[in-house]
Amino acid sequence: GCMDSLVANYTATRKKRQSDDLTAGGKNNRRPDRACVIYANLIRQHFKNTRPLVLGGVEASLRRIAHYDYWSDSIRRSLLFDARADVLVYGMAEKAIIELAQRLQSGRDIKDIRGICYIDSQKPLNYLELPSYDCVAQDKKAFTQMFDLFYRNNDPLTARGLIQQHGPRFLIHNPPQPSLTADEIDNIYALDFARDVHPFHAAQGKVKALDTIKFSITSHRGCFGECNFCSISVHEGRKIISRSERSIMAEAKQLAALPDFKGYILDVGGATANMYGIDCARKQTKGACSNRRCLYPRVCKSLNADHNRQINLLRQLRKIEGVKKVFVASGIRYDLLLADKQHCLSYMRELVAHHISGQLKVAPEHTSDNVLKTMGKPGVENLLAFKASFEKLNAAAGSRQFLTYYFIAAHPGCTDKDMRDLKAFTSRELKINPQQVQIFTPTPSTYSSLMYWTEIDPASGRKIFVEKDINKKQKQKDIIVGRTIK
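Residues in the sequence shown are numbered from -8 upward in steps of one, following the working numbering.
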């Protein structure tokens, strides 16, 4: 599925979630904890002769090697071992799934399929061996070394195969599948999706999330933001795969023809809306850089930060018969936008005039330099410059539209003082009392989760403060959502 079951079932303070927008009826009473393990056991119980058992989805993908698990506060084995499955397909996996099915149908060996993991008693040649599960479960330095090697070997053009010993056997992690081409991603989104809840679930109640999903369009995949708390780069990749304008227009026309379409396309975007059509030429041929990031600590000069293609796409979408409004509800990276000296203001004018439903989402996450550094996020200078431009354009257009800011409390490196400083900044500079504040949740396969477990900044090797007391995490959040600075 599209969410780890423990993230879906529990809050950052480990309280059980009562509601679930992805479940029919809205109550969080259907999804088991560690769903992949539970479902794999049920399949083996009721279909004893079925082989192979294949895992996929976000939960499997992000738990494919030894990983830190916040809910047990421990290092757990690759999910393949705990679920006792035969194969794990990771990432978005369309190519891997098709190749796996074709090989199984023809009786051919599957062990060299890219984009899969499996268990074996033998090591393949020329694969990079990670520190073993037993080692990383006890040694935090070894865990850091393991994750760094894993993270650096996720690019389809440069990745090596990986091996990790679990007891007497080995996890074999093949290199990723090649990235989808523009034609391939167009073909996927041209498939005849039902765009509705399965009748079995529809009879059980409304699925609230469908209200947004049904009339939204994915324009691209991937994200080169590489925020340390985010796992998108490990699951979707750091390369932007953009659909063609023709493909997106065709989907928009399909939406407009649906009987319950009210004229509003609720989102056109992806992980970061304004990365559509943008990437680095070097990355296309040589893979993502291993020693630098595209946006941090500043926007790389090699990045083609050109928003003109998205501007033209949005203009075309507005002309479709039956479409009243096209919204950009996905968050945008304002540092990337400001780096586009030629089209920055044009893009912002388009958003202000046509594509905001009252509020535009941005995610500074924090304002303290030391916290932003552990997050891998830009400083406040870009935020203030973007805010000033946005407000100026709103005033010129006579619009009453606002910025919605997202912040994180209790991220590794964040203290009570940092939260008080953030509260003071939001009051003084942003003139708001923030409500969109979440407590950091350590999720599998992120650098922030590594920092939470090890209490070490892997970039510098220095020890950092990590708040692990649940009540004190809540206090950090309360500092900023409260109306006074304490």
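Backbone N, C-alpha and C fix where the C-beta goes; we use that ideal spot for every residue, glycine too.
One or two residues paired with residue i in a DSSP bridge
| i | result |
| --- | --- |
| Q156 | F161 |
| T209 | G260 |
| T395 | K352 |
| Y255 | K316 |
| Q429 | I399 |
| S233 | H211 |
Residue i - DSSP class collapsed to helix/strand/coil
| i | result |
| --- | --- |
| L171 | coil |
| V362 | helix |
| I476 | Legend: pLDDT at I476 = 49, less than 50; position of this residue unreliable, value from coordinates given subsequently. Here I476 sits in coil by DSSP. |
| Q136 | helix |
| K422 | coil |
| K315 | coil |
| I447 | strand |
| S238 | helix |
| L384 | helix |
| K454 | strand |
| L294 | strand |
| Q275 | helix |
| V198 | coil |
| I204 | helix |
| I269 | coil |
| S439 | helix |
| S(-4) | helix |
| R407 | The residue asked about is misnamed: residue 407 is Asp in this sequence, not Arg. Residue state, collapsed to three classes: helix. |
| P288 | coil |
| K332 | coil |
| R300 | helix |
| A181 | coil |
| S224 | helix |
| D460 | coil |
| T417 | helix |
| A150 | coil |
| P190 | helix |
| N144 | coil |
| N373 | helix |
| I347 | coil |
| I471 | helix |
| K368 | coil |
| R306 | helix |
| L342 | helix |
| L484 | Residue 484 falls outside the range modelled here, since the chain spans only -8 to 477, and no answer is possible. |
| S337 | helix |
| I176 | helix |
| R324 | coil |
Residue i Cβ short of 7 Å to the ligand GDP heavy atom set
| i | result |
| --- | --- |
| V259 | Absent from the structure shown: the ligand GDP. Ligands present: none. |
Beta-carbon spacing of residue i, residue j below 8 Å
| i | j | result |
| --- | --- | --- |
| P425 | F398 | yes |
| T445 | A3 | no |
| M366 | C218 | yes |
| S65 | A57 | no |
| I311 | A386 | no |
| C405 | V362 | yes |
| M240 | Q307 | yes |
| N265 | L351 | no |
| Y255 | F220 | no |
| G278 | L148 | yes |
| F134 | L121 | no |
| I447 | K454 | yes |
| R105 | P23 | no |
| S123 | Q155 | yes |
| V343 | L305 | no |
| V49 | H211 | no |
| Y180 | E242 | yes |
| L116 | N144 | no |
| T203 | G261 | no |
Ranges of the alpha helix (DSSP H) found wholly within the segment -1 to 61, counting only runs of at least 4: 26 to 37 and 49 to 53
Cβ contact check for the segment 370 to 388 and the segment 423 to 437: 3 or more pairs under 8 Å: no
In chain order, each alpha helix (DSSP H) run of at least 4 residues that lies wholly inside the segment 66 to 129: 70 to 74, 85 to 97 and 124 to 129
The segment 66 to 79 contacting the segment 99 to 111, beta-carbon criterion three pairs below 8 Å: yes
Validate contact between the segment 172 to 192 and the segment 120 to 136 using beta carbons, cut 8 Å, 3 pairs: The segment 172 to 192 vs the segment 120 to 136: no contact.
Segment contact flag, the segment 459 to 476 with the segment 398 to 411, C-beta cutoff 8 Å, min 3 pairs: yes
Touching by the beta-carbon criterion (3+ pairs, under 8 Å), the segment 219 to 234 and the segment 262 to 269: Yes: at least three Cβ pairs fall under 8 Å.
The segment 31 to 39 / the segment 83 to 90 touching (three or more Cβ pairs under 8 Å): no
Three CB pairs or more closer than 8 Å across the segment 347 to 354 and the segment 279 to 291: no
The segment 4 to 24 in contact with the segment 38 to 56 per 3-pair CB rule at 8 Å: no
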